[in-house]
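Counting in this note's numbering, the final residue of the sequence shown is number 553, and the numbers go up one at a time with none missing. These notes concern the structure reproduced below.
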Amino acid sequence: MTEEYQKMESYQKLSEYKKKISWTNRIGPLYRISLGKLWKILIKDKKTWIFESMMLIPIIVGPIVALTSGGIYQEDYFSLFIDVMFMGYIGLIIPLFTMYVASMLFSEEISDRTITYLTIRPVHRIELIIIKYLSYLTIVPLFTAIGSGLVYLSFALFGGFEYISSLLWFILGGVIATATYGALFLFIGLLFKRPLWFGLFFVFIWEFLFANFSRTLNQLTIAYYVKSLIVKGPPVDFRESQAYLFKFYSGGIASTTTLILVLLMVIVISLTLAWSKIQGDTFKIPYQAARRPGGWKYYLKEIRTFLISIGIILIAVGAVVGPVSGLQQEKTSYYDQEVDINPYPFFSNQPGLSDMGFGSNIPLTYSSGDVANISFRVDFVSHQEYSMYAVLTDQESFQNFVDEARTYWVIYQRDYWEENNTDVLYQQLVNNYTALALNFVLSTPKHVKLSENYQAKFNLQAEKKTTYSLAVLVIDFDVQEQESFYCEFTTIIESSTFRRVGFIFGLVLLSCGILALGLASYSFLTYSSADEIKRYEEQVKQYE
């Protein structure tokens, strides 16, 4: 017991030593050391040269296009600049560069095991994380900003110094991306022995690949919120650029408030988790903690850092999922669709409406109070004479219509291969289908005729939870011998839906986070190192 008492006495002296050293005296020397080590990584580390050389790739794109194209409009030339910056520099190169640099911030201390000496210095461990992150923010954003400027310069030398406002917007997005990715990969560097492999997976698979498969996954990436910021500025003015297309085909862009809160949440959570990781054994639940001085309060003290970390995460996620996103969710969806009516039948016993070629269907589920504004834009039609309608009806009525249309199609499919006069059969199929579809359209409460001349629309307000069928039907067209009908159109749905389950789930997470922080605060107020020392002293006296 005497040995443990000596340890506690040393701990008490160290605590008193901490109080004697000012904050500036603790931070200043470590900050300068961190800057020196980071500069060494950026300049002398050969692996860093690989990632730095990647930043030079976009610089050569502009001159190559200018010298090989033989002539290109200035607007098209700078539209290419927008694409290179938006998809290549912001979407891929900055994540890769910051991934390597940020994950290496503690690499030297971990590899030579000198991180132990940092943690026993009279410096709070959260201060170590902040110092490393501040040194990163001092240098690395400058590198990415210079890279953005060089890419613009390479284009401007051949296309003129126009659209400089787009450059400034990309610099802003690049700096914010650098700060956010830096915090995340600082934590990853502490979490994994080989953070490079996880970083490559995160950048290529999650941020770049998975995000293109699903709009939901896209909104779970850092790149989505950085790009949402960029498309609020001048880069979106180029109508054919990737920035413009992102605004319309990403499932809607994040609001300014949401993207600021989400990116700040990523930074705070990442730095908090890094602090928790550097705390050492704080995640380990002490064995037989009740026998320690202070009983269960000692146990609570041991997981205090974990409670703070999980509390911040739950509050941040809960706030975004619940109150920040709100009870109502505004969303704009774009659907590029086509109708292709072909006189040559294929073998199928259960063809759908699109399989038969007579139209397309989008199922929509809305709850009580949800509102949707639906509009249609016809982009291309192969025939001059046609009738095309958009209808909104309940799923049961639509399915009954499809079943009847399928009956005509199956009969045509059967007779097509048995009779020679296929033109008559096809005309009969079109006539039967036209009569059926016209009656169905007129029986629906909401329908509108579509054409290339104007953009049709109608509104929906759900009175109860219902699954609707939003269908576009070609009723009739000028049928020629063995001729098909083809058209392309776009459906735009602007909806305002009540997200009751998500909102309640967010409030539950928020409450759990507040509870976790409350327990941590209670531990701070009721159990301190001085109390632990005092209890050890009382136990020592019992053996004297």
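Here a beta-carbon is modelled for each residue, glycine too, at the ideal position from N, C-alpha and C. Source: prediction; values computed, not measured.
In three-state terms, what does DSSP make of residue i?
| i | result |
| --- | --- |
| E347 | strand |
| K474 | coil |
| D424 | helix |
| T535 | helix |
| M113 | coil |
| V481 | strand |
| R386 | strand |
| T230 | coil |
| P360 | coil |
| V557 | Not covered by the structure: residue 557. The range shown for the chain is 10 to 553. |
| M108 | helix |
| A328 | helix |
| S174 | helix |
| F467 | strand |
| L137 | helix |
| E503 | strand |
| T453 | coil |
| F367 | coil |
| E497 | strand |
| S279 | helix |
| A1 | Only positions 10 to 553 of the chain appear in the structure, and residue 1 is not among them; the question remains open. |
| S318 | helix |
| M64 | coil |
Report the rounded CA-to-CA distance for residue i versus residue j, giving the unit in angstroms.
| i | j | result |
| --- | --- | --- |
| F292 | S285 | Caution applies to F292, whose pLDDT of 35 falls short of 50 and renders its modelled position unreliable; the value that the coordinates give is listed next. Spanning the two alpha carbons is a distance of roughly 8 Å. |
| F255 | S62 | 27 Å |
| P360 | L323 | 47 Å |
| D364 | Y98 | 41 Å |
| T416 | L362 | 12 Å |
| L270 | L193 | 15 Å |
| T57 | T107 | 10 Å |
| I319 | S452 | 56 Å |
| V573 | S530 | Look at the range of the chain in this structure, 10 to 553, and you will see that residue 573 is not part of it. |
| Y463 | F385 | 9 Å |
| F410 | Y421 | 17 Å |
| Q337 | F512 | 9 Å |
| I42 | L137 | 12 Å |
| I103 | F152 | 10 Å |
| I135 | K141 | 10 Å |
| K46 | S175 | 34 Å |
| F507 | L199 | 41 Å |
| A471 | L401 | 12 Å |
| L143 | G368 | 58 Å |
| Q408 | P372 | 11 Å |
| I278 | V74 | 43 Å |
| W418 | Q437 | 11 Å |
| I317 | I139 | 17 Å |
| L524 | V517 | 11 Å |
| L534 | T475 | 53 Å |
Is the Cβ-Cβ distance between residue i and residue j less than 8 Å?
| i | j | result |
| --- | --- | --- |
| L195 | A111 | yes |
| S157 | I68 | no |
| F494 | I262 | no |
| V457 | I484 | no |
| A232 | G100 | yes |
| L188 | I287 | Position check: residue 188 holds Ala in this sequence, whereas Leu was assumed. Their beta carbons are not under 8 Å apart, which means A188 does not touch I287 by this criterion. |
| F207 | F213 | no |
| F60 | L105 | yes |
| L209 | N370 | no |
| R313 | S532 | yes |
| L445 | Y398 | no |
| M96 | Q251 | yes |
| P332 | G522 | no |
| I624 | K306 | Residue coverage of the chain in this structure runs from 10 to 553, which leaves residue 624 outside it and unanswerable. |
| Y344 | T500 | yes |
| V235 | I180 | no |
| G183 | A165 | no |
| G71 | F167 | yes |
| V390 | E461 | yes |
My understanding is that residue i touches residue j, with C-beta atoms under 8 Å, so please give their C-beta distance in whole angstroms.
| i | j | result |
| --- | --- | --- |
| Y145 | L205 | Contact flag wrong, Cβ pair sits at about 17 Å. |
| A381 | S504 | 4 Å |
| Y442 | A414 | 6 Å |
| L309 | L528 | 7 Å |
| E405 | E497 | Not quite, the Cβ-Cβ distance comes to about 29 Å (not below 8 Å), so this is no contact. |
| Y172 | F87 | 5 Å |
| V329 | M274 | 7 Å |
| T265 | K241 | 7 Å |
| D403 | Y477 | 6 Å |
Does the beta carbon of residue i come closer than 8 Å to any beta carbon on chain B?
| i | result |
| --- | --- |
| Y463 | You won't find chain B in this structure, because it holds only one protein chain. |
(message) Ignoring anything shorter than 4 residues, give me the alpha helix (DSSP H) runs that lie fully in the segment 192-221, in order along the chain.
(response) 204-209
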